[in-house]
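When you line the sequence shown up against mature numbering (1 follows the signal peptide of the UniProt record, and there is no 0), it's residues -26 to -1, 1 to 459, in that order. Where a beta carbon is used, it is the ideal one built from N, C-alpha and C, also for glycine. Worksheet for the structure shown next.
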Amino acid sequence: MLEPRFVGAGFLWLLAWSIWAPMAESAIGVNWGTVSFHKLKPSTVVDLLKENKIPKVKLFEAEPDVLRALVGSGIQIMVGIPNDMLSLLGSSPSAADLWLRQNVSAYMGKGGADIRYIAVGNEPFLTSYNGQYQNLVMPAILNLQQSLVKANLAGYVKLVVPCNADAYESALPSQGAFRPELTQIITQLVQFLNSNGSPFVVNIYPFLSLYDNGDFPQDYAFFEGTTHPVTDGTNVYTNAFDGNYDTLVAALNKLGYGQMPIVIGEIGWPSDGAIGANVTAARVFNQGLIDHIMGNKGTPLRPNAPPMDVYIFGLLDEGAKSTLPGNFERHWGIFSFDGQAKYQLNLRLGNKELRNAKNVQYLPSRWCVANPSTDLTNVANHMRIACSVADCTTLNYGGSCNGIGEKGNISYAFNSYYQLQMQDSRSCDFDGLGMITFLDPSVGDCRFLVGVTDKSSHSSSSHTTYHWYSLVLFFILQGMFYFSM
Ligand SMILES: *[C@@H]1O[C@H](CO)[C@@H](O)[C@H](O)[C@H]1NC(C)=O
Ligand SMILES: *[C@@H]1O[C@H](CO)[C@@H](O)[C@H](O)[C@H]1NC(C)=O
Ligand SMILES: *[C@@H]1O[C@H](CO)[C@@H](O)[C@H](O)[C@H]1NC(C)=O
């Protein structure tokens, strides 16, 4: 399947990389996640990437419509394999062959999609998984590597494993070490990566350090100097990113791979849904990060050698993500769900500021709000149901819609639900408590959304089913509520 062009390019790329790696400039990429109720057309998103001159994208799954849209774009791709596929791919070489054929080879070739990395699992060593994926990683890697060799792609497409920064720990960066129970598996992994010329991929989140730990000095999370520097021998750390990065460098060094190239698979700051998650902080963090990386200063343990690539998390807000980590989880995008820039950001990729998505197809400009002339005392149940399906995270403490009052809350919930149901008029009934309006009810920073339509979507059937079920559930619950009155 492989075009000779790719063998050549891969070889040249490797050669260039090995010669220039020590002084190479980092490349900035983005994570494109698609866990959204209001998905943009993949082609709209690819245009957004191109318009912003973003050269690299990381995907969490091999979604056919996304990969198809990236064909011919020239954008380099890291495509992910979900953790729940590791078991199959590790136990069956033919499943690995098939995965590769269907999800990689099919899109490559001359003028195809430029897939450079396959991320085998996503943070499979995360502490909260209690080791359930740990031993599935290497078998999957070894099978997939064989599949790559058979497909004649092994010189061009590299296997990596994005790890959460919780894979290593230490009070001081220079003492960094992988968690004891991971030592053996990480040793095998880095041996494989090293023999294959692949980088170590790590996700680093200073926001979560701040969110999880009230004692964490706030200014240490950013890049503008701190009143609480960390002194480690002769090295002084003024930001959490450098400290964390060097902890990894030290941990790799302990295994004998202190020179292994590092890629930042995810890093970013959410703009809503928690105290400390706001547009200003997100802009300051992301701009500070980009300037820091592009300044090529590196870190105390790797001076003048910044990470190879840095993938910002994320490109777009994903309003259907689980809020288990916190309400901020749906607000990591540098763009809102509809591809509009949330704040000024210079990605240093050629444009001075972000450019918005073009030709976004919105539903009509109408909203569902609480009917002002109705008694709203019995509305709590409706609101709960609406918010259990649609996204109401901005209403909570620390969110951009937290101060809009009781009636505002109700309207916000009604509208989120109504837009989720693609403005189906029945979904704005709420026993006569809802009302459709043509006046934008947004107040200040609190935006009442209008949904988008993704007419080209090929994966909408599961969504439709979901809508259908939630509507039935909604009417059943509504009926119960009605009869219990
Ligand atoms: C290709 O990837 C998709 C998305 O992760 C997955 O659903 C599908 O099963 C994969 N194909 C094969 C043959 O494994
Ligand atoms: C935004 O977040 C930052 C940093 O987390 C915090 O210091 C600041 O007070 C927040 N701003 C607002 C307006 O909430
Ligand atoms: C609006 O809803 C949020 C989230 O449930 C709550 O914290 C807030 O107190 C509500 N506001 C009013 C005025 O009821």
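Near ligand 3: residue i beta-carbon under 7 Å from a heavy atom
i, result
"LEU407", "no"
"TYR211", "no"
"LEU369", "yes"
"ASN355", "no"
"GLU(-2)", "no"
"GLY379", "yes"
"ASN187", "no"
"ASN376", "yes"
"ASN330", "no"
"ASN170", "no"
Residue i and residue j closer than 8 Å at C-beta
i, j, result
"TYR200", "GLY150", "The amino acid occupying residue 200 in the given sequence is Thr; Tyr does not appear at that position. It is not a contact, given that the beta carbons lie outside the stated cut-off."
"ALA195", "LEU275", "no"
"CYS420", "CYS375", "yes"
"GLY95", "VAL135", "yes"
"THR273", "TYR219", "yes"
"GLY313", "LEU290", "yes"
"residue 518", "GLY288", "Outside the modelled stretch of the chain, which goes from -26 to 459, sits residue 518, for which no answer is possible."
"PRO147", "TYR211", "yes"
"ALA331", "THR18", "yes"
beta-carbon residue i near ligand 1 non-hydrogen atom, thresh 7 Å
i, result
"GLU37", "yes"
"ASN77", "yes"
"TRP6", "no"
"TRP341", "no"
When the options are compared against residue i, the one with the closest alpha-carbon
i, options, result
"VAL176", "THR205, ASN209, TYR130 and GLY242", "GLY242"
"GLU97", "PRO56, LEU122 and ALA128", "PRO56"
"PRO180", "TYR386, PRO244 and GLY7", "PRO244"
"SER47", "ASP21, TYR386, GLY95 and ASP265", "ASP21"
"ARG42", "ILE160, PRO16, MET52 and GLY230", "PRO16"
"GLN393", "CYS342, GLU198, THR212 and GLU155", "CYS342"
"ILE49", "TRP73, TYR81 and LYS332", "TYR81"
"GLY418", "GLY382, GLN158, ALA387 and GLN106", "GLY382"
"SER61", "ILE384, LEU118, GLY230 and THR427", "LEU118"
"SER296", "GLY7, ALA70 and PHE388", "GLY7"
Residue i beta carbon near ligand 2 (any heavy atom closer than 7 Å)
i, result
"GLY250", "yes"
"ALA255", "yes"
"GLN192", "yes"
Alpha-carbon to alpha-carbon, residue j and residue i
i, j, result
"ASP140", "PRO346", "50 Å"
"VAL9", "PHE311", "10 Å"
"ILE28", "MET282", "15 Å"
"PHE152", "LEU407", "56 Å"
"ARG90", "LEU133", "9 Å"
"MET409", "SER416", "15 Å"
"GLY293", "GLY379", "22 Å"
"PHE11", "THR368", "16 Å"
"GLN397", "VAL40", "26 Å"
"HIS437", "GLU327", "Unreliable positioning characterises HIS437 in this predicted model, as indicated by a pLDDT of 38, which lies under 50. A coordinate reading is not provided."
"ILE92", "GLN335", "32 Å"
"PRO(-5)", "GLY171", "For PRO(-5), the predicted model reports a pLDDT of 43, less than 50, meaning its position is unreliable and no value from the coordinates is stated."
"ASN260", "ASN213", "13 Å"
"PHE197", "ASP265", "9 Å"
"PHE215", "ASN227", "18 Å"
"ALA344", "SER399", "14 Å"
"ILE2", "VAL111", "27 Å"
"ASN333", "GLY207", "55 Å"
"ASN270", "ASN278", "5 Å"
"PHE34", "PHE422", "28 Å"
* Can at least three beta-carbon pairs, one atom from the region 248 to 256 and one from the region 302 to 319, be found at a separation below 8 Å? -> yes
> Just checking, does the region 349 to 363 make contact with the region 63 to 73 on the three C-beta pairs under 8 Å criterion?
Replying inline: no
- prompt: For the region 254 to 269 against the region 314 to 321, are there 3 or more C-beta pairs whose distance is under 8 Å?
  reply: yes
Cβ contact (3+ pairs, closer than 8 Å) linking the region 119 to 127 and the region 154 to 164 | no
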